[in-house]
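Enquirer: In numbering that gives the first Met the number 0, the protein residues as written are 0 to 322.
Every residue gets a Cβ at the ideal spot worked out from N, C-alpha and C, and that includes glycine.
Predicted model, so just to flag it, every value in this text is computed and none were measured.
To start, I am sharing the structure in question, which I have written as structure tokens.
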Amino acid sequence: MKRKLYVFSLILMAAALLGAGFSRLTRAQNPAQPARDNANENAAFNYCGTRHPDEATAQLLEEHSRQWKTARESAGLEVARDPNVTTVTVNVYFHVIMDANGQGAVTDTQLAQQIDVLNASYSGATGAGTPMGSANTVFRFQLAPDNPIERTFNTNWFLAGQGSTYEREFKTALRRGTARDLNFYTNNTGGGNVGGWATFPWWYAGDPLMDGVVILYKATPGGALGPNYNEGDIGVHEVGHWVGLYHTFQGGCKGAGDSVDDTPFENRLQAAACPVGSDTCRNKPGLDPIENFMDYTYNTCQYRFSAGQATRADAQSAQYRGL
């Protein structure tokens, strides 16, 4: 028994030391710096502006997660939960930011539809009857029980882009809840040419006020962005980052990719439209996962998370958010 406690203590000490290292690195990572991905930032419309860690930080994060899993297993605790048995409720706070004239309005009906889209996507319902289906995850979303929808008229906040002073200003003023609660902001994303962006779970400890997702108001269900991007899947995509998932094309055709084993490698500057049969990593098995929510394809052809993504999101959210 003493030996088991000693080994467990060593694991916790190692994890703490490793955690201090990656915490410094992630805090030093400027969200405005280039991402460790292959997205084309010069495109007329950039699906997602979320900034991914550089290769060294990503490797450190993966090692930290491995240590966390080892410690839990040594303590007899589960690492991956069965979503058919256990679900985790995420309370959602919506912050609709408009300019002084009311541009940027999002209705209660659209916000309710966004919740429905999140639940359908994260429960695997969107994959019913499709060729590959979709994995069920542990996450279920609901409006927070206390005043979950807040509307604000502030032109500077409405126009705020990622990493701007005004983004920090509106999040500092509006954010509610804890690491377990999803703050979902809508505005014009710095000019309307970016679908949205999000924070990763491991950023929370270093900068909790910035936690959450920001979505172009036109990209909410039925929004004016048009049928290719207004089904609510941009919200699904950004929440995917919020629970710890990378883009499917992360790292291109080499390295660890998106750190999920069952999503085929993908290499593209801007995955767009619905390129059926696309295979941008011909030396790797599988076609490009264009149907995956963490790709950049049209909402009309996105319908699934993989089982590996469901497992990763569960572990990342449990580790860093306590979900």
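Check for me: the beta strand (DSSP E) holding residue 326 runs from which residue to which?
Expert: Residue 326 lies beyond the range of the chain shown here (0 to 322); nothing can be said about it.
Enquirer: Helix, strand or coil for residue 63 per DSSP?
Expert: Locating residue 63 in the sequence shown gives position 64, where the first residue counts as 1. Looking at residue 63 - three-state DSSP - the assignment turns out to be helix.
Enquirer: Below 7 Å between beta carbons: does that hold for residue 137 and residue 183?
Expert: Here residue 137 corresponds to residue number 138 of the sequence shown, with the count starting at 1. Here residue 183 corresponds to residue number 184 of the sequence shown, with the count starting at 1. At least 7 Å separates the beta-carbon of residue 137 from that of residue 183.
Enquirer: Three-state secondary structure (DSSP) at residue 298?
Expert: The sequence position of residue 298 within the sequence shown is 299, counting from 1. Residue 298: helix per DSSP, three-state reduction.
Enquirer: Can you check DSSP and say which residues form a bridge with residue 141?
Expert: One-based indexing of the sequence shown puts residue 141 at position 142. Beta-bridge pairing links residue 141 to 90.
Enquirer: Pull up the CB-CB distance for residue 309 and residue 82, whole angstroms please, since I reckon it's below 8 Å.
Expert: Here the question's residue 309 lines up with position 310 in the sequence shown. Here the question's residue 82 lines up with position 83 in the sequence shown. Sure, about 7 Å apart at Cβ, within 8 Å.
Enquirer: For residue 323, which residues in the same chain have their Cβ closer than 8 Å to its Cβ, ignoring the five residues on either side in sequence?
Expert: Shown here, the chain extends from 0 to 322; a query on residue 323 therefore has no answer.
Enquirer: Kindly indicate which three-state DSSP category residue 75 falls into: helix, strand or coil?
Expert: Against the sequence shown, residue 75 aligns to sequence position 76. Coil.
Enquirer: When burial is assigned at 16 or more other CB atoms within 10 Å of the CB, is residue 14 buried or exposed?
Expert: To locate residue 14, count along the sequence shown from 1; it is residue 15. Residue placement at residue 14 is poorly supported in this model, since its pLDDT is 44, which falls under 50; the coordinates still yield a value, given next. Buried.
Enquirer: What is the rounded straight-line gap between the Cα of residue 256 and the Cα of residue 234?
Expert: If you number the sequence shown from 1, residue 256 lands on position 257. If you number the sequence shown from 1, residue 234 lands on position 235. The alpha-carbon atoms of residue 256 and residue 234 are separated by roughly 22 Å.
Enquirer: Indicate the three-state DSSP secondary structure (helix, strand or coil) for residue 80 in the structure shown.
Expert: Counting from one through the sequence shown, the residue named residue 80 turns up at place 81. Note: residue 80 maps to coil in three-state DSSP.
Enquirer: Apply the 10 Å Cβ neighbour rule to residue 294 and answer buried if 16 or more other Cβ atoms are within range, or exposed otherwise.
Expert: By one-based count along the sequence shown, residue 294 stands at place 295. With 16 or more Cβ atoms within 10 Å of its Cβ, residue 294 is classed as buried.
Enquirer: So, does the region 106-120 touch the region 153-168, judging by three or more C-beta pairs under 8 Å?
Expert: By the criterion of at least three beta-carbon pairs nearer than 8 Å, the region 106-120 is not in contact with the region 153-168.
Enquirer: Take residue 166 as the anchor and find which of 186, 176 and 149 has the nearest alpha-carbon.
Expert: Residue mapping note: residue 166 aligns to position 167 of the sequence shown, counting from 1. Per the Cα distances, 186.
Enquirer: Can you tell me whether DSSP reads residue 184 as helix, strand or coil?
Expert: Taking the first residue of the sequence shown as 1, we reach residue 184 at position 185. The answer is strand: DSSP assigns residue 184 an E or B state.
Enquirer: Is the region 300-318 close to the region 67-85, with three or more CB pairs under 8 Å?
Expert: yes
Enquirer: May I have the straight-line CA-CA distance separating residue 45 from residue 76, to the nearest angstrom?
Expert: Here the question's residue 45 lines up with position 46 in the sequence shown. Here the question's residue 76 lines up with position 77 in the sequence shown. Going from the Cα of residue 45 to the Cα of residue 76 covers about 41 Å.
Enquirer: Could you tell me whether the region 101-115 touches the region 47-55, using the rule of 3 or more Cβ pairs below 8 Å?
Expert: no
Enquirer: Are there three or more Cβ pairs, one per stretch, closer than 8 Å when the region 253-267 is compared with the region 282-292?
Expert: yes
Enquirer: Any idea if residue 89 is buried or exposed, counting beta-carbon neighbours within 10 angstroms, 16 or more meaning buried?
Expert: Mapped onto the sequence shown, residue 89 falls at position 90. Answer is buried; the Cβ neighbour count reaches 16.
Enquirer: Are the CB atoms of residue 171 and residue 208 nearer to each other than 7 Å?
Expert: As a working note, residue 171 is residue 172 in the sequence shown. As a working note, residue 208 is residue 209 in the sequence shown. It is a contact, given that the beta carbons lie within the stated cut-off.
Enquirer: State buried or exposed for residue 302, treating a residue as buried only when at least 16 other CB atoms are found within 10 Å of its CB.
Expert: The residue given as residue 302 occupies position 303 in the sequence shown. Residue 302 is buried by the Cβ-count criterion.
Enquirer: Hey, does residue 114 have any beta-carbon neighbour from chain C nearer than 7 Å?
Expert: Considering every chain present, this structure includes no chain C. It has just one protein chain.
Enquirer: Suppose you measure from the CA of residue 69 to the CA of residue 62; what does that come to, to the nearest Å?
Expert: Within the sequence shown, residue 69 is the residue found at index 70, counting from 1. Within the sequence shown, residue 62 is the residue found at index 63, counting from 1. Just so you know, the alpha carbons of residue 69 and residue 62 end up roughly 11 Å apart.
Enquirer: Under the rule that 16 or more other beta-carbon atoms within 10 Å means buried, what is residue 320, buried or exposed?
Expert: As a working mapping, residue 320 is identified with position 321 in the sequence shown. Residue 320 comes out buried.
Enquirer: Does residue 266 come out as helix, strand or coil in the three-state DSSP assignment?
Expert: The residue labelled residue 266 in the question sits at position 267 within the sequence shown. Looking at residue 266 - three-state DSSP - the assignment turns out to be coil, as it is neither helix nor strand.
Enquirer: Once you ignore the five residues that flank residue 86 on each side, which residues in its own chain have a CB closer than 8 Å to its CB?
Expert: By one-based count along the sequence shown, residue 86 stands at place 87. Cβ within range, chain order: 137, 138 and 139.
Enquirer: Just mark residue 146 as buried or exposed, buried being the case when its beta carbon has 16 or more other beta carbons within 10 Å.
Expert: For the purposes of this step, residue 146 is taken as the residue at position 147 of the sequence shown. When all chains shown are included, residue 146 counts as exposed.
Enquirer: Using alpha carbons as the reference points, say which of 58, 239 and 43 lies closest to residue 254.
Expert: To locate residue 254, count along the sequence shown from 1; it is residue 255. It is 58.
Enquirer: What is the DSSP secondary structure of residue 40, reduced to helix, strand or coil?
Expert: Within the sequence shown, numbered from 1, the residue matching residue 40 stands at position 41. Model confidence at residue 40 stands at a pLDDT of 39, short of 50, so the residue's coordinates are unreliable and nothing is read from them.
Enquirer: Could you please give the first and the last residue of the uninterrupted alpha helix (DSSP H) stretch that includes residue 116?
Expert: Counting from one through the sequence shown, the residue named residue 116 turns up at place 117. Looking at the DSSP string, the run of the alpha helix (DSSP H) that includes residue 116 is 107-121.
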